[in-house]
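Position 263 of the sequence shown, counting from 1, maps to 337 under our numbering, and the rest follow consecutively. Single-structure report; data block below.
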Amino acid sequence: MAREQFGSRLGFILVSAGCAIGLGNVWRFPYLVGQYGGAAFVLLILLFLVVMGLPIVIIEFACGRASRKGIARSFDALEPQGSKWHRFKWIGLIGSSLLLMFYAVVAGWMLAFCAHGAAGAFDGLDSAGAVELFNGLIGDPIESAAWMVVVLAISIIVNRAGMQKGIERVTKVMMAALFVVLVVLCVRSVMLPGAPEGLVFYLMPDFGKLFAGATPAEQWSTFGQAVSAAMGQAFFMVSVGIGSMSIFGSHMGSERRVSGEAVDITALNVLVAILAGFIIFPSCFTYGVEPASGPSLVFVALPTVFGQMPLGGVWGTLFFLFLSFASLSTVIGIFENVAAFVIDEWGIDRKHACVGAGAVLMVLCLPCVLGFNVWAGFQVPGIGDVQSLEDFLLSNTILPIGCLVFIAFCTSKRGWGWDNFIAEANTGTGLRFPRRAYVYVKYVLPAAIVVIFIAGYAPVVATWVGILAG
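Written out as structure tokens, the structure reads:
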């Protein structure tokens, strides 16, 4: 049966961008920028997006479109006979599942805050009240689990309807609404009294802040950790390394070259992240919220802002509604990667594959839910709680390894090969992928990923060595 294609180019761009645009932009990006000192870290992320993330998006799109299959069968379709590249598909499945194990939980928090805002919880709220509201949510395993189930139930319903009637139709509406509200809130935020100080933090690079708090002996380790975090964030923002872009490439037409589409999607991705920063950091400096608050930043800073502005309850509810749309678009996109794997690998029909995958994921999400309450005492030295562990394993381990596999597959004569990749990438009209980039893609890009991968693990290894030696 022919692979279902998108109804329009706009649908392809918005769905692919929607898969990438989400919590990585409006939740993870701001709190990492806050933790690592602001504008200098933003520059590192943008650098890695352009020189590392974008080429791999193009590679994944090309693999998906050439094979007309998701990651479960794309390597089988493209690899030379007798080779073993298809074994990587299990890493892709594990990576997608691991992402959803904490992503669906955080997306549930977004929906919960939308409901709390509609009930008037943001009216007159100060920073202490926002902290109490957030801690009350994550500290209640029943409520947190219930919202996670709602998120995955929505994904099951949308993905069961198929690419055009479900995923494309819903995502187009959500993404359009998201952009409108983000722009309005940006205008409001930059007019706050503390906006100048927040914008300096966000837009004026100070690379010394990447070493803040570190002794001279710790500076290189601290810098390596920041660089690793920036690379992981870049990969996280464009969702590469686990086949989540190749699945949409498999539904892509051949009229346009994949490079131009990848640039458009990455640009939209960056735009949303930058807009989120314009909302968050002026708010932090106006209302005394610490930018380095960590994962709770968006759940503390913004409710505080809404609590102080006229009609703040209305704006707060709308913001978390459309923030929910952003996170749901990613959950739906990654869920499609898992569901398509089940469909392609085991021949199960779409409806049963979506229900089965959703049920399994609901169970797999429970450790993240419990990690903030019942299992709150669980900590991995050098990494953190359950959610931090899952994030570290994905961003610092699986995504880089997955990217290395895709690169090797498209540049090795024992894989799909450079000639085949270039031919597919440059089919159609639009921006060409340069053939002369071979040396960079085959040697420079993997070497950079390996170095940064090691740098990201170095502080964790040092922490464990210290524990074992002590």
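All C-beta atoms in this analysis are idealised placements derived from N, C-alpha and C, irrespective of residue type, glycine included.
Go through its chain and collect everything with a Cβ distance to residue i's Cβ below 6 Å, but skip five positions before and after it.
i	result
Val173	Note that residue 173 corresponds to Leu in the displayed sequence, not to Val. Hits under 6 Å: Ile408, Leu468.
Arg139	Gly323, Met326
Ala151	Ser141, Lys143
Gly98	Phe310, Met311
Thr503	Arg330
Arg147	Asp418
Leu252	Phe396, Phe399, Ala400
Pro365	Gly108, Cys358
Gly553	What is shown of the chain runs 75 to 544, which leaves residue 553 out entirely.
Ser328	Thr501, Gly502
For residue i, I'd like the list of residues in its chain whose CB is within less than 8 Å of its CB, leaving aside the five on either flank, ordered along the chain.
i	result
Met75	In this prediction, Met75 scores a pLDDT of 47, lower than 50, which makes its location untrustworthy; no coordinate-derived value is stated.
Tyr512	Thr485, Trp492
Met383	Arg262, Trp389
Pro520	Leu478, Ile481, Ala482
Applying the criterion that 16 or more other CB atoms from any shown protein chain within 10 Å of the CB defines a buried residue, is residue i buried or exposed?
i	result
Glu335	buried
Leu190	What sits at residue 190 in the sequence shown is His, not Leu. Buried is the call here.
Val362	The sequence shown places Gly at residue 362, not Val. The residue is exposed, with fewer than 16 neighbouring Cβ atoms inside 10 Å.
Gly194	exposed
Val179	buried
Glu134	buried
Leu435	buried
Arg510	exposed
Gln109	buried
Tyr276	buried
Phe187	buried
Leu207	buried
Ala529	buried
Arg331	buried
Ile541	exposed
Val314	buried
Pro129	buried
Ser367	buried
Trp221	buried
Ala350	buried
Let me check understanding here. Comparing Cα to Cα, which of the options lies closest to residue i?
i	options	result
Cys442	Arg161, Asn99, Met175	Met175
Phe415	Ser171, Phe310, Ala202, Val116	Ser171
Lys283	Ile145, Tyr512, Leu505, Ala114	Ala114
Arg243	Ala304, Leu211, Val232	Val232
Val116	Lys246, Trp420, Val460, Ala304	Ala304
Ala545	Phe393, Asn494, Val301	Shown here, the chain extends from 75 to 544; a query on residue 545 therefore has no answer.
Gly96	Leu342, Phe452, Ser367	Leu342
Arg161	Arg506, Gly489, Ala497, Lys516	Gly489
Pro154	Leu440, Tyr531, Asn494, Lys516	Asn494
Ser157	Asn209, Leu505, Lys487, Ile241	Lys487
Leu505	Lys246, Phe122, Ser333, Asp338	Ser333
Anyone know if the C-beta pair for residue i and residue j falls short of 8 Å?
i	j	result
Met184	Ser398	yes
Pro533	Gln299	yes
Ile354	Leu371	yes
Val100	Ala308	no
Val312	Gly166	no
Tyr105	Val405	no
Leu402	Val225	yes
Val374	Ala219	no
Leu266	Pro356	yes
Gly548	Ile145	Outside the shown range of the chain, which is 75 to 544, sits residue 548, and nothing can be said about it.
Glu271	Phe149	no
Phe446	Gly213	yes
Ala413	Ala431	yes
Val264	Leu120	no
Phe507	Ile132	yes
Val429	Ile230	yes
Gly421	Asp280	no
Residues in its own chain within less than 7 Å of residue i by CB, not counting five upstream and five downstream?
i	result
Ile417	Arg424, Ala427
Gly456	Pro533, Val534, Thr537, Trp538
Val223	Met436
Leu438	Ser171, Met175
Phe196	Pro377, Phe380, Gly381, Gly386, Gly387, Gly390
Asp200	Thr378, Gly381
Ala347	Asn99, Phe103, Met311
Leu392	Val255
When you measure from the CB of residue i to every non-hydrogen atom of the ligand NAP, does any distance come out below 7 Å?
i	result
Ala414	For the ligand NAP, the structure offers nothing, since it holds no ligand at all.
Could you give the uninterrupted runs of the alpha helix (DSSP H) lying entirely in the segment 362 to 417, keeping only those of 4 residues or more? 371 to 382, all fully within the segment 362 to 417.
Enumerated in chain order, which unbroken segments of the alpha helix (DSSP H) with a length of 4 residues or greater are wholly contained in the segment 444 to 493? For the segment 444 to 493, the full-length alpha helix (DSSP H) segments reaching 4 residues or more read 460 to 467, 473 to 485 along the chain.
If you scan the segment 484 to 540 from start to end, which runs of the alpha helix (DSSP H) of 4 or more residues do you find wholly inside it? Counting only runs that start and end inside the segment 484 to 540, the alpha helix (DSSP H) elements of at least 4 residues fall at 492 to 499.
Which ranges would you report for the beta strand (DSSP E) in the segment 203 to 254 if only whole runs of at least 3 residues count? Complete beta strand (DSSP E) runs here, min 3: none at all.
Whole alpha helix (DSSP H) elements within the segment 282 to 342, 4-residue minimum: Listed in chain order, they are 293 to 312, 318 to 323.
Can you check the segment 115 to 196 for any alpha helix (DSSP H) of at least 4 residues that lies completely inside it and give the ranges in chain order? If only uninterrupted alpha helix (DSSP H) runs of at least 4 residues are considered, those enclosed by the segment 115 to 196 are 128 to 141, 145 to 152, 163 to 192.
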